[in-house]
Amino acid sequence: MQSSEQEEDLRLLRESARTLFDRAGGSGRSRKLRDAGGEFDPDMVRELGEAGVFGVAVPEEQGGLGMGLAAGGVIAEEVGRVIAPEPVVATIGLGLGLLRRLCPEHPKLEQLIGGEASLAVAWQERGPGGASADATCRYADGKLTGGKAWVVGAGGTQDFLVVAEADGGPVLVLAEASADGLVTTRRAQADGSSLGELSFSGTPAAELACGAAVQRALSEAVADATALAAAELVGLSQRAFEITLDYIKTREQFDKPIGSFQVIQHRAVDLNVMCEVAQAAVREVLMRMDGETDASIRARLASRAKARAVTAARKVTRDAIQLHGAVGYTDEFDIGLYLNRALVLSAWLGDDAYHRRIWFDAREEEGAAQ
Numbered sequence: 044m045q046s047s048e049q050e051e052d053l054r055l056l057r058e059s060a061r062t063l064f065d066r067a068g069g070s071g072r073s074r075k076l077r078d079a080g081g082e083f084d085p086d087m088v089r090e091l092g093e094a095g096v097f098g099v100a101v102p103e104e105q106g107g108l109g110m111g112l113a114a115g116g117v118i119a120e121e122v123g124r125v126i127a128p129e130p131v132v133a134t135i136g137l138g139l140g141l142l143r144r145l146c147p148e149h150p151k152l153e154q155l156i157g158g159e160a161s162l163a164v165a166w167q168e169r170g171p172g173g174a175s176a177d178a179t180c181r182y183a184d185g186k187l188t189g190g191k192a193w194v195v196g197a198g199g200t201q202d203f204l205v206v207a208e209a210d211g212g213p214v215l216v217l218a219e220a221s222a223d224g225l226v227t228t229r230r231a232q233a234d235g236s237s238l239g240e241l242s243f244s245g246t247p248a249a250e251l252a253c254g255a256a257v258q259r260a261l262s263e264a265v266a267d268a269t270a271l272a273a274a275e276l277v278g279l280s281q282r283a284f285e286i287t288l289d290y291i292k293t294r295e296q297f298d299k300p301i302g303s304f305q306v307i308q309h310r311a312v313d314l315n316v317m318c319e320v321a322q323a324a325v326r327e328v329l330m331r332m333d334g335e336t337d338a339s340i341r342a343r344l345a346s347r348a349k350a351r352a353v354t355a356a357r358k359v360t361r362d363a364i365q366l367h368g369a370v371g372y373t374d375e376f377d378i379g380l381y382l383n384r385a386l387v388l389s390a391w392l393g394d395d396a397y398h399r400r401i402w403f404d405a406r407e408e409e410g411a412a413q
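If you use our numbering, the sequence shown closes out at 413, no skipped numbers anywhere.
Spelled out as C-alpha cells, the structure:
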C-alpha cells in the first residue's frame with residue numbers, strides 16, 4: 044500500500060506531466076510530426092528532461108528523483124493520453140534501466156536524465172520464431188559485427204546501447220549512431236513511428252559492462268519497460284474512451300444524441316469498466332514491482348500488467364472506432380491515431396497472448412515445485 048504522502052506526490056506528478064504535454068500540443072503534436080515525417084521532437088525531449096520526467100525512477104544518489112516505477116507509470120499514462128511520439132517509456136525502462144544498474148557513474152546517465160542526449164537500446168535480433176534476445180551480434184577488439192532488430196527510437200538517436208556477445212559472455216557497449224560501419228534501416232509502423240534495424244560491419248564501440256550482470260540487468264530493464272508500456276496503454280485507452288464518450292453525447296441520430304440509446308450506453312459502460320480494471324491492475328503491479336527484488340517475480344508481474352492492458356486497449360480502441368461510425372475510419376479524426384498506436388504498442392515487448400503464456404507457465408512451475 045502507498046502512504047497518503049506517496050499518493051499525493053503521484054497526484055502532483057500526474058498534474059504536472061499532463062500540463063506539460065497539453066501545453067506542448069496534446070495529441071495534435073503527434074499528428075503534425077507524423078505528417079512532417081519526423082520521428083520525435085528533440086526540443087520536447089530536452090523539455091521533458093528539464094522537467095525531471097526521465098529521472099523519476101532513477102535513485103536520488105544517481106541524480107534522479109527516486110520515486111520508483113510507480114511514478115514512471117504515472118508518466119507513461121500521460122504519454123499514452125496524448126500519444127506522444129518521444130520514446131519516453133523506452134528511455135525510462137530500457138536506456139536508464141540498463142545504465143543505472145550497470146554503469147551508474149557513466150556521464151550518459153546524467154545526460155539522459157536531463158534530456159541532453161538520446162539513446163536507443165539494441166538488444167533483440169531476428170530468430171527462427173521472430174524476435175530473439177539471444178545475441179549473435181559479436182563484439183571483439185573494440186568493434187561490432189552482426190545486426191540488431193526492432194530498435195525503438197533508432198531514427199532520431201545519437202547513440203546506441205548494444206547488447207552483444209563477446210568471448211567472455213554478454214557485453215553492453217556504446218556505439219555512436221554516426222559511427223563507421225553502421226547502417227540503420229527504418230521500418231515504418233502503423234502509427235507513423237518506426238523501428239530500426241541495425242547492421243554492424245566493424246563498427247567501433249566502447250565497452251560499458253560484461254558478464255552475467257549484463258543479462259541480469261537486461262532482464263530487469265525489459266520487465267520495467269514492459270510494465271511501463273502497459274501503463275502507456277492504460278492512458279491511451281482512457282483517453283480514447285473519453286474522446287468517444289464526448290462524441291456519442293453530441294452525435295445525433297433520429298433527432299437524439301446516440302448516447303441516449305440504451306445499447307450505446309451499455310457498450311460505453313462496458314468500455315469504462317474495462318479501462319478502470321486495467322488501470323487498477325497495472326497500477327498495482329507497478330507498486331508491487333517497486334517493493335519486489337526477485338527478478339522472476341517482477342517479470343511475471345510485468346507480464347500480468349501487459350496482458351491486461353493490451354486486451355483493454357485493443358477492445359476500447361476498436362469499439363471506439365465503431366461508435367464513431369464512418370468518420371472513425373478517416374484520418375481527420377484523432378480516434379484513429381489512438382487505434383494505430385494501440386496496435387503498435389500492444390505488439391512491442393510481447394502481446395497479450397505472449398504474456399499470458401509467460402504468466403501461466405510460471406504458475407505451473409510454481410505448482411510443480413510445491
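Note that CB positions come from ideal geometry on N, CA and C, so glycine has one too.
C-beta contact flag for residue i and residue j at 9 Å
i: G92; j: G158; result: yes
i: L288; j: A352; result: no
i: L314; j: D377; result: no
i: L241; j: V194; result: yes
i: T179; j: E153; result: no
i: G107; j: G116; result: no
i: S349; j: D395; result: It should be pointed out that residue 349 corresponds to Lys in this sequence rather than to Ser. Yes, these two residues count as a Cβ contact at 9 Å.
i: L63; j: E90; result: yes
i: G224; j: G211; result: no
Residues near residue i by beta carbon distance below 6 Å, same chain, minus five either side
i: A60; result: I118, E121
i: T188; result: R181, F243
i: I301; result: I291, R294, I307
i: D234; result: N383, R384, V387
i: R72; result: none
i: M110; result: V99
i: I286; result: I378
Residues near residue i in its chain [Cβ-Cβ closer than 8 Å; skip 5 each side]
i: I401; result: A342, R343, S346, G393
i: G185; result: P247, A248, A249, E250
i: L279; result: G123, R124, I126, A356, T360, Y381, R384, A385, L388
i: Q365; result: G371
i: A338; result: R259, S262, E263, A266
i: R230; result: S237, L238, G239, E240
i: R331; result: L344
i: R399; result: S346, A350
i: R29; result: Outside the displayed range of the chain (44 to 413) lies residue 29, so it cannot be described from this structure.
i: K358; result: L314, M317
Anticipated Cβ contact below 8 Å, residue i with residue j, distance rounded
i: D333; j: A192; result: No, D333 and A192 are not in contact; Cβ-Cβ is about 31 Å, not under 8 Å.
i: R143; j: V101; result: 5 Å
i: F284; j: C253; result: Incorrect: roughly 47 Å between the Cβ atoms, too far for contact.
i: V206; j: V257; result: 7 Å
i: Q281; j: Q232; result: Q281 to Q232, Cβ: 22 Å. No contact.
i: G190; j: E168; result: 7 Å
i: F203; j: A220; result: 6 Å
Closer than 8 Å: residue i CB and nearest the ligand FAD heavy atom
i: T269; result: For the ligand FAD, the structure offers nothing, since it holds no ligand at all.
Cutoff 7 Å; reference residue i; Cβ partners in own chain excluding five residues on either side
i: M87; result: A67, E129
i: H149; result: L142, L251
i: T354; result: D395
i: P147; result: Q105
Inset, instruction - Report yes or no: do three or more beta-carbon pairs, one from the stretch 194-203 and one from the stretch 82-102, lie closer than 8 Å? - result: yes
Legend entry - Touching by the beta-carbon criterion (3+ pairs, under 8 Å), the stretch 149-164 and the stretch 126-134: yes
Legend entry - Within the stretch 109-140, ranges of the alpha helix (DSSP H) (whole runs, at least 4 residues): 111-124
Inset, instruction - Take every Cβ of the stretch 254-273, pair it with every Cβ of the stretch 371-378, and state whether three or more of those distances are shorter than 8 Å. - result: no
Inset, instruction - For the stretch 206-217 and the stretch 254-261, state whether three or more C-beta atom pairs, one from each stretch, are separated by less than 8 Å. - result: yes
Legend entry - Whole beta strand (DSSP E) elements within the stretch 171-211, 3-residue minimum: 173-175, 181-183, 186-195, 202-209
Legend entry - Ranges of the alpha helix (DSSP H) found wholly within the stretch 362-399, counting only runs of at least 4: 378-390
Legend entry - Complete runs of the beta strand (DSSP E) confined to the stretch 47-92 [at least 3 residues]: none
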